[in-house]
Amino acid sequence: MSDHCSIYSHIPFCIRKCNYCDFYSETDLSQIPDYLKALETEIALRAASDIIIDTVYLGGGTPSLLDVKQIEDILQTARGRFQFSPDAEITVEINPGSVDADYFARLKKTGVNRISIGVQSFNDDKLKFLHRIHTADEACRAIEHAGTAGFENISLDLIYGVPGETQSSWIKDLKKAIERKPSHISAYMLTLEPGTPLARQMKQGAFVPSGSEMMSLLFKRTSQYLNQAGFEHYEISSFSKGGSNRSRHNSKYWDLLPYMGFGAAAHSYDGSIRSWNHRSIERYITDLTSGLLPVEDQETLTLEQKITEYIMLRLRTLEGLDLEDFQERFQLSFQTKFKKILGRILDEGLGMIENNRFVLNLEGRIYLNSIVETFAAAVL
Ligand code: SF4
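For what it's worth, this note's numbering labels the leading residue of the sequence shown as 14, then goes sequentially.
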């Protein structure tokens, strides 16, 4: 493990499930105290005082369901077991339906310096369709309270592509987001994940999903609109107001750097081994109460897996894939190994090689998944 690392801590509780969500979370909040005790035990068991933590991310689930004191306790446990870099980025995900002005004011004092607010939309009908627990007004108030509390690094999550969404309705959402002057916006395309209530409703004919043409159009409009508003489209779903407001935590994933995941269902990666914890909260608590690490399994990535992940993650980004870095990591020339695919992508105008980097353009990023699949098939 390198001496620098990130921490992700999973808080798998929600007031109720949003119908599109396939993240692991439960709505039985009575388990929170035992879960937090187990979380602290896991952090203690995996302590390493020589590791420097430069980013921390509390995600979920709904971390803002926790009392501020509980968040502070998690951070204090981590600070006591690892070295924290003085400028560590510490992010907490916030659901606008679970917080008030006082919450932000107290959260600011804990050292949390970045918040990610799950707004999803400023349109109440869209929020209802997504089965969110909050209204657009509540989201606006949460953003305002965060600013008043002194948070400068505020990211807003938005979703586009609900059935019937048009370019103009989506641009209205983006406009309202920009008016609130966030430092960062994450704009996610709605996907109908198998097993979610929304996917079931669609199968039963309750609505017709937006087609891929409309999704591509919305993706491109998002990029153009936010670029014009001064946001850098630095990753497929991520936009930052200037380079310094990029999510440092998420950038580490895209740079394939190590991270430690604490909590039920959390994943960890040390540069070659990936491990993941049991999903079940009960199992997570029982294991840790008996002093056992709650690891369900682990795998050592093969060279092929590492190459595929590298391509998949780097092509998401504005900087793309560094050809020299690829050669150094894998002792392999990217241009030689993938000559044919590369040629096709360049010919079809989906990407370019610039400054010794292979980068997908906006059109290419629309086809990211199928491009990555083509590379993956050729790795073997
Ligand atoms: S609040 Fe977030 S984690 Fe919870 S169900 Fe909704 S989308 Fe999923």
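We treat Cβ as the ideally placed atom computed from N, Cα and C, and that holds for glycine.
Quantities reported herein were computed from a predicted structural model and do not represent experimental measurements.
> If you measure from the CB of F36, is any heavy atom of the ligand SF4 nearer than 7 angstroms?
Replying inline: yes
> Would you say G377 and I384 are within 8 angstroms of each other, going by their C-beta atoms?
Replying inline: yes
> For the putative contact between Y394 and Y21, defined by C-beta atoms under 8 angstroms, what is the C-beta separation to the nearest angstrom?
Replying inline: Because the chain is modelled from 14 through 393, residue 394 falls outside the range shown and cannot be assessed.
> Mind checking whether the beta-carbon of C27 lies closer than 7 angstroms to any heavy atom of the ligand SF4?
Replying inline: yes
> Are the beta-carbon atoms belonging to E55 and F275 less than 8 angstroms from one another?
Replying inline: yes
> Based on the DSSP output, what are the partners of Y70 in its beta bridges?
Replying inline: Y21 and T104
> What distance in whole Å lies between the Cβ atoms of C27 and S43, which are believed to be in contact at a cut-off of 8 angstroms?
Replying inline: The pair is not a contact, with the Cβ atoms about 14 angstroms apart (cut-off 8 angstroms).
> With distances taken between CB atoms, is the gap from I379 to S229 smaller than 8 angstroms?
Replying inline: yes
>> Please return the same chain residues whose Cβ sits closer than 8 angstroms to the Cβ of E322, not counting the five positions on each side in sequence.
In response: L269 and L314
> What are the complete beta strand (DSSP E) segments, minimum 3 residues, inside the region 177-210?
Replying inline: 197-202
> Is the closest heavy atom of the ligand SF4 to the C-beta of T75 under 7 angstroms?
Replying inline: yes
>> Helix, strand or coil, according to DSSP, for I156 in the structure here?
In response: helix
> At which residues does the beta strand (DSSP E) containing T313 begin and terminate?
Replying inline: V308 to T313
> In whole angstroms, what separates the C-alpha of A91 from that of L120?
Replying inline: 17 angstroms
> With burial defined as no fewer than 16 other Cβ atoms inside 10 Å of the residue's Cβ, what is the status of K139: buried or exposed?
Replying inline: buried
>> Please identify the residue among R261, F164, L169 and G160 whose C-alpha is closest to the C-alpha of A149.
In response: L169
> Can you give the Cα-Cα distance for R370 and F351, rounded to whole angstroms?
Replying inline: 14 angstroms
> How should R213 be labelled, buried or exposed, when 16 other C-beta atoms within 10 angstroms of its C-beta is the threshold for buried?
Replying inline: exposed
> If you draw a straight line from the C-alpha of A51 to the C-alpha of N126, how long is it?
Replying inline: 25 angstroms
> Where does D137 land, buried or exposed, given buried means 16+ other C-beta within 10 angstroms?
Replying inline: exposed
>> Let me confirm a value: P307 is counted as buried when at least 16 other C-beta atoms fall within 10 Å, else exposed. Which label applies?
In response: buried
>> By DSSP's criteria, R370 is part of a beta bridge. Which residues make up the other side?
In response: D335 and E367
> Closest by CA to G93, which one among D115, I286, R193 and D63?
Replying inline: D63
>> Bridge partners for N136 per DSSP, in chain order?
In response: According to DSSP, which records beta bridges pairwise, N136 is partnered with nothing at all.
>> For a quick check, are the C-beta atoms of P176 and F220 less than 8 angstroms apart?
In response: yes
> Could you give the C-beta distance for S199 and S251, rounded to a whole number, given that I count them as a contact under 8 angstroms?
Replying inline: 5 angstroms
> Looking at the structure shown, is L120 part of a helix, part of a strand, or coil, going by DSSP?
Replying inline: helix
> So, using beta-carbon positions, are A152 and I167 closer together than 8 angstroms?
Replying inline: no
> So D35 packs on T209, CB below 8 angstroms; how close in whole Å?
Replying inline: 5 angstroms
> To the nearest whole angstrom, what separates the beta carbons of R59 and I146, a pair I think is in contact under 8 angstroms?
Replying inline: Rounded, the Cβ-Cβ distance is 33 angstroms, inconsistent with contact.
>> Which same chain residues end up closer than 7 angstroms to G362 when comparing Cβ atoms and leaving out the 5 residues on each side of it in sequence?
In response: E376
>> With a threshold of 7 angstroms on Cβ separation, who are the neighbours of T68 within its own chain once the five nearest residues in sequence on each side are excluded?
In response: S19, A101, E102, R261, H262 and K265
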